[in-house]
Each structure stands twice: as C-alpha cells, then as structure tokens.
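Taking it in order: structure first as structure tokens, then the write-up.
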C-alpha cells in the first residue's frame, strides 16, 4: 500500500509528464486490462446483479420479474428452513473453528519440540487437506455406519452406546463437525508450524533469564504473543471455511434428517438451483456475503489493534 | 533440554502425536481395506483390516465400469490445467503492472482486488448460472473454467512477491531495450517460480476438489469432474455396496494424494506462502 501512495503523489503536480512516464502508464493499463475486464465481468457485475435479484421475485423458467422491495428479506426471517439453516451453520462453525484451531496449535507445538518423525506427523495430519473431500466423506459415511461401521463396532466392543451418527437429527451436526475438524486441522497445523519456526530462539532464552521457568510461562510470554498474526489469520480462515460448509452436507445428508443438517450454502443451492427461485436465493446470498464481510471487517479491526512484535 | 534423552515428557508427547496420527490416517486404512472386501466380509467383520475374501479385482471392475473413471479424471485434469493457465496468464501481467509501473488506475485497482478477495464463487453463482443458461453454454468446459479465469487471490499473491524484486533489475532490462512483455517473460517470471508453484498448488487443490460450481453447471456425465462423478457413482450405487464405493473413492483420491506425497515439501511451502499472505 505504501508504494501505491508514493506512486500517486507525483501525479498531484500534473503538468510535466515525460514521454517515458506516459508510456509507462499506458503499458500499465494495457497489462492490467484483461484482469480488470474479467474482474468486472465475473465478480463485480455478478455481485451487483445478485443484490438486484434479491429485490425481485425472479424465477428461472418464467419470463420477466417484478421488483418486490424487501419482501424476500422479510420472508427470509420468518422462513423456518432458513432460520434453521443459519442456526445450524452457526453451531457447526462454533464447533469446528475453535477445535480445529486449538488442536492444530497443540499438535504444532508438540511436533515443533519433537526431533523425530517431524515430517511423518506433518504428512499424516495434512493428508486430509490434499484429499478429495467428497471421496473422504464417503469413507466417513462407512466409518459412521450404524450397523456395519467400524466406529460402532469398536464402541460395541467397549460396551458403549452406539449412536446413529449421520442418521439421527440429534447427532448429525456433530458427526459432520467431526469430519470438518478432521479435514481442516492439517491446514491450520502447517500454518502454525511456519509461525513457530519463525519465532527467534533468543526470545525463549531471554524469557528464561527473566524468570519464565515453566513451559506454560514460555508459552504465555513468548509463543502466544509471537503467534498473534498467524492465530488471527487461522481464526478468520477457519470460521469462513466453516461457514462455507457444503460438500459433506450435499454428499452425505442432503440437509437431513428432518433439516437437522440444513446449512447456509446448501439452502441457497436448493432454493436457487433446484427450485430455481433465483430472487429468493439471491436474498439469501446477500445475507451470506454480509456474514463474510463482517468477518473480514472484524479481522481488520483486530489486526489494527494487535501489537506488532516483528 | 536434551533432544535425544528419552524422558517421560517426551514419551507422553510422542504417544499423543502417534495416537492422533493413527486417528487421522484411519479413514485411509479403512478405505484401502474395505475396497478389497467382499460384501459378506463388510457385513460380518468391520474391524478386521485384512479382507477374508480378496475382492479387489471385483470391486475395482465395478467402480471402473459403472462410471467412466478415466473421463472423470481427464475432465479434472483438463479443467484444472485450463483454469491454472488462464489465471497465471491474466494475473501475472496485472500484478506486475500494479507492483512496478506507475499509473493512475493502480490505486483503484488495488481497492477492487481487495474487494474481490471477499467474494467466493458461491456469491456470484446465481447470476453466472442465469447468464450461462441464457447463452446455452451449460455443460461445457467453458462453463466450468470461465468464472475462475480471474484469480484475485493470484493477483494479490503475485503483487506481494513482485514488490520484492529489485527495481534495478527491471531498469537494466528496460535499458537493454526489452519491452514490458519481454520483462515479464524474461525477468519477472524466472524470478517468481516459488510464487508460481505455490499458486499452482493452491489453485489445483481448490479446483480439483470443488463441488459447488460443477454441480451447478454440469448435468451430464461427459463433463463431470471427479467430485461430481463420485456423486453420480453414489447415486447409481443405491445400496450398501461399500466395497465398490471404496474402490471408487480410492481411484479418485489417489492422484492428488500421490502428487502431495511426491512433492510434499513444495505443498507445505505453497500452503504456507499462499496461506500466510492471503
């Protein structure tokens, strides 16, 4: 950003622009033109159109549409499916994001302080990130199978109750959360490992001299504050990814049983692309986009307040 | 702390790590084991990992014949390759211009790029679907690739990286009479391989795994990408034929997992670089 500001300054005193400068400006425009055209066509324009559609009763297959003002939005907040969907997405994110962050942080610190098997552990935990989620969801469906699944077979050995994981409305969201955590820990772990490696060793020595003797003191005084920017980023991306949960729901539950796993993107998908109620689904999309904007805004706010150590 | 000493703390640490790794890898173990089990084995002994009746051939034959796996994998490769090539060809010149050239629109473009970073495909899918439907281009590589030809994230990543390339290098090239395109091709790109590899990994992982957009624009097996194809296979495989299902998941998961295992270091570097800067 600093450079962009500096670059703009000389333009204030316009008159004397040399031929070389004009040529440079023209080259800049030409080189960035394809990207800007596509950015407009595939991102800015569609977002504008989605906002516009949100105020209409447009349905695909019908010609024409009427503007209905905020009708879609008032309908949304009385729509039981949508409210259920928002609530489920919130619960899912509230489970998956914190657990996958703290689990990743814990594992990263264990791996960092271990000398053997580092790359093995990193690979093992990261493997789910590189695997096709739809495929692995199918494997989880087998693992969770109430009668022939290995998990319940194991629980039976221990004489424990055997839940109907994905099949019962009381447990389906938790089962999906387990898959979500399994899938996202590795990504966070790799980011935390990079963050940990970047902490200068001398800081730990200095903390030791200053009387930080226990492992917890070292964590509290050095590791946690130094990881601040990484943690903030991992937190934002984890929440956003959890809000975007779709693959496992579409593959395994289709929002069921009894709408117990209905989540935001799945509801948008159903309304917009199955029932083709474009206007109504657009209003939902605007809500979804608003959630993302708020999350990013919160990240920027926290980032600004954070003390910079490096 | 002596690294080689085998203290109690270290034993606890290693046990936790190993226990976790076993849990994280368990789905893969069961996938490979179940892909080789006959239907009767699957129902009788879910905890034994070695199949009693080896049925790998039967299960794989089923998986390969129900849905054309080669078409799926080929579509996956074509779509990912096209997306990546377009993304790079479009993002690199733009990022270079924004990082190294002085022109008035650059600041506005920076704002647009930051805004664009916020918008996932899920937010633009409805209007794009309506437009593609009107243009009658659904069920095509075009529909699968077009919306992703612009990667705002790519521009952002390259921009960060290009700023670190010394201006002197570019001035020297310009004095040698190189055009701006020549500079991009012969100075910028050769210096930006780490960023390009990182971006390639990010892009391929994202689009190989994406289900949302293909599900919307493709309703025809011949353009199905791997995740979508697996969904079709599941629908065709109504019962509990987990042997064939696991064989199919094994076939579909292997390419990217193999790529990851072969190029682990690059993957991790790539995720760290794209992750932390994103």
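Protein chains in written order, with our numbering: chain A, 1 to 310; chain B, 1 to 278. Even glycine gets a Cβ: it sits at the ideal position worked out from N, Cα and C.
Buried or exposed by the 16-neighbour rule on C-beta atoms within 10 Å, applied to residue i
i                      : result
residue 13 of chain A  : Note that residue 13 of chain A has pLDDT 45, beneath the 50 cutoff, so the model's placement of it is unreliable and the number below is only indicative. By the neighbour-count rule (16 or more Cβ atoms within 10 Å), residue 13 of chain A is not buried but exposed.
residue 267 of chain B : buried
residue 41 of chain B  : buried
residue 88 of chain A  : buried
residue 35 of chain A  : buried
residue 52 of chain B  : exposed
residue 50 of chain B  : exposed
residue 23 of chain A  : exposed
residue 27 of chain B  : buried
residue 100 of chain B : buried
residue 46 of chain A  : buried
residue 10 of chain A  : At residue 10 of chain A, the pLDDT of 48 sits below 50, so the modelled position is not reliable; the number obtained from the coordinates is stated separately. By the 10 Å Cβ count, residue 10 of chain A comes out exposed.
residue 36 of chain B  : buried
residue 120 of chain A : exposed
residue 118 of chain A : exposed
residue 17 of chain B  : buried
residue 200 of chain A : exposed
Within 7 Å, strictly: CB atoms of residue i and residue j
i                      : j                      : result
residue 216 of chain B : residue 96 of chain B  : no
residue 85 of chain B  : residue 229 of chain B : no
residue 196 of chain A : residue 222 of chain A : no
residue 172 of chain A : residue 261 of chain A : yes
residue 98 of chain B  : residue 114 of chain B : no
residue 133 of chain A : residue 209 of chain B : yes
residue 183 of chain B : residue 173 of chain B : yes
residue 279 of chain A : residue 56 of chain A  : yes
residue 253 of chain B : residue 131 of chain A : yes
residue 28 of chain A  : residue 30 of chain B  : no
residue 250 of chain B : residue 227 of chain B : no
residue 286 of chain A : residue 43 of chain A  : no
residue 177 of chain A : residue 125 of chain A : no
residue 82 of chain B  : residue 152 of chain B : no
residue 143 of chain B : residue 132 of chain B : yes
residue 96 of chain A  : residue 180 of chain A : yes
residue 91 of chain B  : residue 154 of chain B : yes
residue 282 of chain A : residue 53 of chain A  : yes
residue 276 of chain A : residue 59 of chain A  : yes
residue 60 of chain B  : residue 247 of chain B : yes
residue 207 of chain B : residue 80 of chain B  : yes
residue 123 of chain B : residue 289 of chain A : yes
Inter-residue spacing [alpha-carbon to alpha-carbon] between residue i and residue j
i                      : j                      : result
residue 39 of chain B  : residue 161 of chain A : 26 Å
residue 55 of chain B  : residue 44 of chain B  : 15 Å
residue 18 of chain A  : residue 106 of chain B : 19 Å
residue 8 of chain B   : residue 194 of chain A : 27 Å
residue 312 of chain A : residue 39 of chain A  : Any property of residue 312 of chain A remains undetermined from this structure, which presents chain A solely from 1 to 310.
residue 217 of chain A : residue 211 of chain A : 9 Å
residue 2 of chain A   : residue 136 of chain B : At residue 2 of chain A, the pLDDT of 42 sits below 50, so the modelled position is not reliable and the matter cannot be decided from this model.
residue 241 of chain B : residue 63 of chain A  : 45 Å
residue 47 of chain B  : residue 193 of chain B : 47 Å
residue 161 of chain B : residue 10 of chain B  : 40 Å
residue 269 of chain B : residue 117 of chain B : 21 Å
residue 71 of chain B  : residue 222 of chain B : 7 Å
residue 66 of chain A  : residue 77 of chain A  : 21 Å
residue 4 of chain A   : residue 187 of chain A : Low confidence applies to residue 4 of chain A: its pLDDT is 44, below 50, so where it sits in the model is not reliable enough to give any reading.
residue 48 of chain A  : residue 242 of chain A : 25 Å
residue 265 of chain B : residue 25 of chain B  : 19 Å
residue 267 of chain A : residue 142 of chain A : 25 Å
residue 310 of chain A : residue 238 of chain A : Residue placement at residue 310 of chain A cannot be trusted, given a pLDDT of 44 that sits under 50; what the coordinates show is reported in the next sentence. Those two C-alpha atoms are separated by around 24 Å.
residue 84 of chain A  : residue 249 of chain A : 14 Å
residue 164 of chain B : residue 169 of chain A : 53 Å
residue 134 of chain B : residue 149 of chain A : 46 Å
residue 263 of chain A : residue 179 of chain B : 52 Å
residue 301 of chain A : residue 229 of chain A : 13 Å
Cβ of residue i within 7 Å of any chain D Cβ
i                      : result
residue 166 of chain A : This model lacks chain D altogether; the protein chains it does include are A and B.
Residue nearest to residue i in terms of C-alpha spacing, selected from the options
i                      : options                    : result
residue 292 of chain A : A:187, A:112, A:265        : A:265
residue 231 of chain B : A:51, A:84, A:138, A:24    : A:138
residue 105 of chain A : A:231, A:131, A:296        : A:231
residue 189 of chain A : B:170, B:212, B:141, B:272 : B:272
residue 224 of chain A : A:54, A:296, A:123, A:109  : A:109
residue 20 of chain B  : A:122, A:205, A:234        : A:122
residue 30 of chain A  : B:181, B:213, B:247        : B:181
residue 88 of chain B  : B:64, B:257, B:202         : B:202
residue 159 of chain B : B:73, B:94, B:32, B:22     : B:94
Beta-ladder partner(s) of residue i, from DSSP
i                     : result
residue 56 of chain A : A:67
Residue i beta carbon near the ligand ZN (any heavy atom closer than 6 Å)
i                      : result
residue 101 of chain B : Among the ligands in the structure shown, none appear at all, so the ligand ZN cannot be discussed.
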